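Protein sequences, first through last, are from chains F, P and C. Numbered by the working numbering, the letters in the first sequence go through residues 18 to 297 in order. Numbered by the working numbering, the letters in the second sequence go through residues 42 to 345 in order. Numbered by the working numbering, the letters in the third sequence go through residues 145 to 422 in order. This report refers to the structure that appears directly beneath it.
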Amino acid sequence: MRTNIWLTRGLRTAAWLSASILLFILLFLIQESSPLIGEIGLGPFFQADGWYPQEGAFQLTPMLLGSLFVAGGAVLLATPLGIIAALFGQFYAPPALARLYRGLMELLAGVPSVVFGFWGLVVLVPWINRLAPPGASLLAGALVLALMILPLVALTADAALAAVPQQYLRGAAAMGLSRWGTIQRITLPVAMPGILSGVVLQTGRALGETMAVLMVCGNVVQIPSSWFEPVRTLTANIALEMSYAVDQHRTALFISGLLLLLLTITLVAVASHFRRMQHE
Amino acid sequence: MKAFMNVLKRKQPMNSELTTAFQIETGSSTEAFAKKEQSLEDKSRQKPLSAPGLTLKKVNVRYGDTNAIEGACLDIPSGSITALVGPSGCGKSSLLASISRMTDLTPQCQVSGEIFLGKDNILAKGTDLNRLRRRVGMVFQSPNPFPMSIEENIRFPLRDHGMRDESVIRKTIKNVLGDVGLWDEVKDRLGQSALALSGGQQQRLCIARCLALDPEVLLFDEPCSALDPLSSAKVETLIKGLKSRYTVLLVTHNLAQARRIADHVAVCWVQAGCGCIIESGDTRSIFERPVHPITQAFCQGLQG
Amino acid sequence: MNDGQKLDSGITVLIWLVSIALVVLPLSMLWDVVREGLPHLSFNFIVDQPLDAGRSGGVGSLLISTFWILGVCLLTTIPIGLGCALYLSEFVIPHSQSEKLLGFSLDVLAGVPSIVFGLFGYAVFAIQLGLGFSILSGGLSLACMVLPLFIRTAEQALRTCPKGYRQAAIALNISHAGFISRILLPSASGGIAVAMIISIGRALAETAVLIFTAGYVTRMPGSVMDSGRSLSVHIYDLSMNVPGGQSNAAATALILVMMIVLINVLARYLSRRWQHVE
Ligand SMILES: Nc1ncnc2c1ncn2[C@@H]1O[C@H](COP(=O)(O)OP(=O)(O)OP(=O)(O)O)[C@@H](O)[C@H]1O
Ligand SMILES: [Mg+2]
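Next up, the structure:
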C-alpha cells in the first residue's frame with residue numbers, strides 16, 4: 018500500500034506516547050522519591066521504629082506486610098475457587114448454564130471496587146465484629162478482595178482451559194480415563210501456565226487495590242498477629258495521608274508508590290513468562 | 042450484450058514487438074494518473090494494444106527453507122492469454138504473486154531470478170512497487186469486493202489514486218462495468234452494498250475495479266473456482282474479451298477452461314519437492330503433442 | 145461402583161456445590177445493595193443536588209461531573225488509543241524489538257495500581273501542570289489508566305479485518321491512509337465500539353485515581369477546570385466520612401451498578417451483532 022509518512026509518524030507517536038506513560042510514571046516516582054532516599058538511604062524504611070512521619074520515622078514494613086497478607090490471603094482463597102468455577106464452566110455445566118455462568122462472572126468482574134468496599138463495610142465487617150471485634154480486619158480485607166478477584170481468576174482460568182487442544186481430551190477418552198482423571202492428569206497440567214499467569218496478574222491487582230481494603234481493613238499501622246486484627250496496606254496509606262502530607266512525609270508516600278509499581282512490573286513480567294510457557 | 046459488442050469492436054491486431062517498444066514512463070503515481078485521466082476518458086475506449094509482455098527468467102520462490110518454485114522460465118506474450126495449470130501446491134499462486142510482488146507481504150518469502158515487464162526487471166532492488174502494482178492488476182480466487190456500495194468499489198480506488206473529476210469517474214464506472222458485462226445488471230442499484238451481489242457478480246465487479254485503474258497486465262488466480270458454472274462461464278467470456286488490451290496470465294485448475302480460452306499454456310509440477318514449470322507452449326501443442334511424459338499424463342488423464 | 149467412579153462422582157457433586165455457592169455470595173452482595181439502595185432511589189434523587197454532605201438530596205451534580213470526567217477521559221483515550229492500536233495492528237513489525245517493548249509497556253501499564261495513577265495525576269496534572277483539582281486533571285489521569293485496556297481491545301478488533309480486503313487493497317495499490325479510513329476502521333467499527341464501552345465501564349468504576357485529581361467538590365461543575373466529585377468517590381465519602389450517609393451511599397452504589405450492568409449488556413449485544421455481520 019502507498020504509505021504516507023505523516024500517517025506513519027502520527028500513529029507511531031501515538032503508540033510510543035501510550036507506551037511511554039509507564040516510563041513517565043516510573044521516572045516521576047523515582048524523581049519524587051530520590052531526595053529522601055538520597056538523604057537517609059533505604060534502610061530506615063524497613064528498620065526504623067514505626068510510621069511516625071511527623072517525627073521522621075518512615076517504617077513501611079507493617080504496611081508492606083499488610084498489603085502482602087491481604088493480597089496473599091485473597092489469592093490463596095480465590096485461586097482454588099476460581100479454578101473450580103472455571104472447571105464447572107468448561108466441563109460440568111450444561112452449555113447454556115455455562116454461558117450464563119460466564120456472563121455472570123464477566124458482569125461481576127466489572128462491579129466497581131468501591132461497591133465491594135461498601136458492601137464489606139456495611140455487611141461483612143459487622144458480621145466479623147460479632148465473631149471477633151473490631152471486625153474491620155485483615156480477614157475482612159482478604160475476603161472482600163477474594164470476592165473481587167475471583168471472577169477474574171475464574172475467567173482467565175476458563176480461557177486457559179478452553180485453550181487446551183481437543184486431541185489431548187480425545188486421547189484421554191480413548192484411554193478410558195474418567196472425567197476427573199482427565200482433568201487432573203491432562204487438562205490441568207496443560208492449562209496450568211495459563212492459569213498461573215492469570216493468578217499472578219490478579220495478585221498484582223489485589224496488591225494494588227485501594228478502595229476496598231481502605232474501607233474494610235481498619236487502617237491501623239501494625240504488624241497483625243491474627244486474622245482478626247486491623248491492618249493498613251501501602252495503598253490505603255497513600256490514600257489516607259496524601260491529602261495532608263508535606264515534605265519528607267509526602268516523599269515517603271511516593272516511595273511506597275514506587276514500591277508498588279516495582280512489584281507490579283515484576284508480577285507482569287512473571288505473568289507474561291507463564292503465558293509464553295503456555296504457548297510453547 | 043452491448044458491452045461485449047464494444048469489446049469486440051475494440052479488438053486490435055496484436056503485435057508484441059510494438060508492444061514492448063511502447064512504454065509509458067512516468068514519475069510519481071498521482072502525477073502519472075493525472076496524465077492518464079485524460080487518456081482514460083476518450084482514448085481508452087479504443088485503446089491500442091499498449092501492454093508489454095512478461096518474461097520470467099529462472100524465478101525461484103522460497104518460503105523459509107521450502108522451495109515453492111524453482112527455476113521457472115516463461116514467456117508471457119502480450120495481447121494473449123497464458124494459462125498456468127498444475128496440481129494443487131505446485132506453486133502457481135506463489136509464482137503469480139511474485140509478478141505483482143505480493144510475495145513481499147509474506148515476511149519469510151524470498152523471490153530471486155528475473156521477471157521482465159517490458160524492459161524493467163521488477164525483481165530488481167529499486168523497483169517502484171506502487172507503479173508496478175498499478176501496471177499489474179490482480180484478481181483473486183475468492184471475490185473480495187470492499188464492504189461499500191457497488192459504485193464506491195470503483196470510485197474509492199480511483200479517488201484514492203488522485204482522480205478528482207467526478208464526471209470522468211462516472212464515465213469510468215460506466216465503462217468498466219460495461220466491460221465486465223455488469224452495467225445492465227446493476228445500473229439501477231449502484232448505491233447498494235457490493236456484498237449483496239452474487240458471487241459471480243462480485244468477481245466481475247472485482248475485475249471491473251481492477252480495469253478502472255487501467256493496468257497493463259492482468260493476473261487471475263483461479264478466478265472461477267469459487268463460482269457456479271453459469272457465473273464461471275460469464276467470467277471466462279469476459280477474460281477472453283480482455284486479451285486484446287492486456288497481457289493476461291491465468292491460473293486455473295480446470296484444464297478444459299485452459300483449453301477453451303488460453304492461447305498459451307504452462308504446466309507446473311512438483312519435482313523433487315519443489316515446483317517448477319515442466320513444459321510450456323501454445324495451447325494446441327501442449328494438449329495435442331505434449332513432449333514431457335508428465336504433461337501427457339496430466340493433460341490426458343484429467344481430460345477423459 | 146469402584147473407587148475411581150466414586151471419586152469422580154464425589155468431585156462432580158463438590159464442583160457443582162462450590163460453583164453455585166460462588167455465585168450466591170456475590171449475588172447476595174448485589175442484592176444487599178439493591179435492598180439498601182432501592183428505597184432511597186427516585187427521580188428526584190437522580191436530578192437533585194446533594195445536601196448536608198450528601199446525607200440528603202440527590203446526586204444530580206455528581207452525575208454531571210461523572211459524565212464530564214468520562215468525556216475528558218474518552219476524548220483523550222480514543223484518538224491516542226486508536227492511533228496506538230492501528231500502529232500495533234498495521235505498522236509495527238511482528239516479533240520485532242519495538243513490538244515487544246510496546247507490548248510489555250502496555251501490559252505493565254494495564255497492571256499499575258490505580259492509586260499510582262492517582263499519585264502521578266495529582267503530582268503531574270494537578271500540581272506541575274497547574275490544572276489543580278479539576279475534572280480535567282481527573283479525566284486525564286483516568287485516560288492514562290484506561291488507555292492500555294482500550295488499546296488492546298481495539299487492536300484485537302482491528303486484527304479481525306478479513307484478509308481479502310487487505311489483499312485487494314494492496315493489489316489495487318490503495319494508499320494506506322485510504323485503506324485505514326475507508327475499509328479497516330469501518331469494518332472494525334463494531335469492535336472499536338465494544339472497546340470504547342468496556343473502557344467506559346472501567347472508568348466509571350474507578351475511584352482511587354479520582355480522589356486526588358478530580359477532587360471532592362459536590363457543586364455542579366461550570367467548566368472542566370472545576371473540581372467535580374464522581375459517583376464512585378461519592379460512595380466512598382458517604383460510607384467512610386459521613387455518619388448517616390450509608391443509605392444514600394447504597395442508592396448511589398445502586399445507580400453505579402445499574403450503569404455498569406447496562407454497559408455490560410450493551411457491550412455483549414454489540415459484539416454479538418458485530419460477529420454476526422462478519
Ligand atoms: N505463506 C506461506 N508460507 C509458507 N509456505 C507457503 C506459503 N504459501 C505457500 N506456501 C507453500 O508453497 C507451496 C506452493 O503454494 P501455492 O499456494 O503457490 O500453490 P498453488 O499451486 O497455488 O496451489 P493451489 O492450486 O492449491 O492454489 C506449497 O507447498 C505451500 O505449502
Ligand atoms: Mg493457489
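Just so you know, even glycine gets a beta-carbon here, dropped at the ideal spot from N, CA and C. From a predicted model like this one, the values you see are computed outputs, not experimental measurements.
Query raised in the report: Closer than 7 Å: is that where the CB of Asp116/P sits relative to any heavy atom of ligand 4?
Result: This structure simply doesn't include ligand 4; it includes ligand 1 and ligand 2 instead.
Requested in this report: Under 7 Å from any heavy atom of ligand 2, by CB: list those residues in chain order, please.
Outcome: Counting only beta-carbon distances shorter than 7 Å to the non-hydrogen atoms of ligand 2, the qualifying residues in chain order are Lys133/P, Ser134/P, Gln182/P, Asp262/P, Glu263/P, Val292/P.
Report task. Taking a Cβ distance cut-off of 7 Å, strictly less, list which residues of the stretch 196 to 225 of chain P are near chain C, in chain order. Result -> Within the stretch 196 to 225 of chain P, the residues whose Cβ lies closer than 7 Å to some Cβ of chain C are Phe197, Pro198, Asp201, listed in chain order.
Query raised in the report: Straight-line CA distance for Ala163/F to Leu124/F?
Result: Whole-angstrom Cα-Cα distance: 16 Å.
Query raised in the report: alpha helix (DSSP H) containing Gly219/P: first to last residue?
Result: Element bounds for Gly219/P: 207 to 220.
Report task. Measure how close the beta-carbons of Met179/P and Ala315/C come, nearest whole angstrom, since I'm counting them as under 8 Å. Result -> At roughly 4 Å, the Cβ-Cβ gap stays under 8 Å, so Met179/P and Ala315/C are in contact.
Report task. Helix, strand or coil for Met157/F, going by three-state DSSP, please let me know. Result -> Note that residue 157/F is Ala in the sequence shown, not Met. Correct three-state label for Ala157/F: helix.
Query raised in the report: Where Ser172/C and Leu166/C are concerned, what is the direct C-alpha to C-alpha distance, given to the nearest angstrom?
Result: Near 10 Å, if we compare the C-alpha coordinates of Leu166/C and Ser172/C.
Query raised in the report: Closer than 7 Å: is that where the CB of Gln149/P sits relative to any heavy atom of ligand 1?
Result: Yes, the Cβ of Gln149/P comes within 7 Å of a heavy atom of ligand 1.
Query raised in the report: Taking the C-alpha atoms as reference points, what is the distance between Leu121/F and Gly222/P?
Result: Each residue's Cα considered, the two are about 54 Å apart.
Query raised in the report: Of the choices Tyr287/P, Arg301/P, Arg286/P, whose alpha-carbon is the least far from that of Thr293/P?
Result: The alpha carbon of Thr293/P has as its nearest neighbour, out of Tyr287/P, Arg301/P, Arg286/P, the alpha carbon of Arg301/P.
Requested in this report: Please decide whether Ser289/F counts as near chain C, where near means a Cβ-Cβ distance under 8 Å.
Outcome: Yes - at least one Cβ of chain C is within 8 Å of the one on Ser289/F.
Query - Inter-residue Cα distance where the pair is Ala269/F and Phe63/F - result: Rounded to whole angstroms, Ala269/F to Phe63/F spans 12 Å at the Cα level.
Query raised in the report: Within this structure, are the beta carbons of Val161/F and Gly198/F separated by less than 8 Å?
Result: The Cβ-Cβ distance between Val161/F and Gly198/F does not fall below 8 Å.
Query raised in the report: If contact means a Cβ-Cβ distance below 8 Å, which residues of the stretch 182 to 212 of chain F contact chain C?
Result: Residues are counted here when their Cβ sits less than 8 Å from a Cβ of chain C; for the stretch 182 to 212 of chain F these are Ser195, Arg196, Trp197, Gly198, given in chain order.
Report task. Can you tell me which of Phe133/F, Pro182/F, Leu155/F puts its alpha carbon nearest to the alpha carbon of Leu167/F? Result -> The shortest C-alpha to C-alpha distance from Leu167/F to any of Phe133/F, Pro182/F, Leu155/F is the one to Phe133/F.
Query raised in the report: Quick one: does the C-beta of Ser285/C sit closer than 7 Å to a heavy atom of ligand 1?
Result: Outside the cutoff, so no.
Query raised in the report: Within 10 angstroms of its Cβ, does Trp144/F collect 16 or more other Cβ (buried), or is it exposed?
Result: Burial call: exposed.
Requested in this report: To the nearest angstrom, report how far apart Arg103/P and Val252/C are at their CA atoms.
Outcome: Distance between the alpha carbons of Arg103/P and Val252/C: 39 Å.
Query raised in the report: Is it buried or exposed for Gly154/C, if we count other Cβ within 10 angstroms and need 16 for buried?
Result: Exposed, because fewer than 16 other Cβ atoms sit within 10 Å of the Cβ of Gly154/C.
Query - Distance cut-off 7 Å: Gly314/P Cβ against heavy atoms of ligand 1 - result: Annotation for Gly314/P indicates a beta carbon at 7 Å or more from all heavy atoms of ligand 1.
Query raised in the report: Around the Cβ of Asp106/P, are there at least 16 other Cβ atoms within 10 angstroms (buried) or fewer (exposed)?
Result: Around the beta carbon of Asp106/P, fewer than 16 other beta carbons lie within 10 angstroms, which makes this residue exposed.
Query - Cβ shell of Leu250/C (< 7 Å), same chain only, five flanking positions each side left out - result: These residues qualify, in order along the chain: Pro292, Ile295, Arg296.
Requested in this report: Write down the C-beta distance between Leu284/C and Phe269/C rounded to the nearest angstrom, noting that I regard them as a contact closer than 8 Å.
Outcome: Rounded to the nearest angstrom, the Cβ distance from Leu284/C to Phe269/C is 5 Å, consistent with a contact under 8 Å.
Query raised in the report: For Leu244/F, does the three-state DSSP call read helix, strand or coil?
Result: Reading the sequence as shown, one finds Trp at residue 244/F and not Leu. DSSP places Trp244/F in coil when its eight states are reduced to three.
Query - Beta-carbon proximity list for Ser121/P, same chain, < 6 Å, skipping 5 on both sides - result: Cβ neighbours of Ser121/P beyond the five flanking positions: Lys284, Asp304.
Report task. Just grab the DSSP bridge partners of Ile110/P for me. Result -> According to DSSP, Ile110/P bridges with Val102/P, Gly316/P.
Requested in this report: Tell me whether Phe261/P sits in a helix, a strand or coil according to DSSP, three-state version.
Outcome: In the structure shown, Phe261/P sits in a strand (DSSP, three-state: E or B).
Requested in this report: Return the chain-ordered list of same chain residues with a C-beta closer than 6 Å to the C-beta of Ser139/P, the five sequence neighbours on each side being excluded.
Outcome: Within the same chain, Val102, Val152 come within 6 Å of Ser139/P by CB-CB distance, once the 5 residues on both sides are set aside.
**Report entry** C-alpha distance - Leu43/F paired with Ala237/P, whole-angstrom precision
**Finding:** Approximately 53 Å, taken between the alpha carbons.
Query raised in the report: Are the C-beta of Arg417/C and some C-beta of chain F separated by less than 8 Å?
Result: Closer than 8 Å: no.
Requested in this report: Measure from the C-beta of Ser190/P to each C-beta in chain C and report whether the shortest distance is under 8 Å.
Outcome: Not closer than 8 Å to any Cβ of chain C, the Cβ of Ser190/P fails to qualify, so no.
Requested in this report: Would you be able to state if there are at least three C-beta pairs under 8 Å between the stretch 22 to 34 of chain F and the stretch 230 to 250 of chain C?
Outcome: The stretch 230 to 250 of chain C vs the stretch 22 to 34 of chain F: in contact.
Query raised in the report: Taking DSSP as the reference, what is the three-state secondary structure of Asp370/C?
Result: In the three-state reduction of the DSSP assignment, Asp370/C falls in the coil class, being assigned neither a helical nor a strand state.
Query raised in the report: Where DSSP assigns a beta bridge to Phe75/F, which residues make up the other side?
Result: Beta-bridge pairing by DSSP links Phe75/F to Trp68/F.
Query raised in the report: What in chain C is Cβ-close to Ser141/P, meaning under 8 Å?
Result: What Ser141/P touches in chain C: Ala315.
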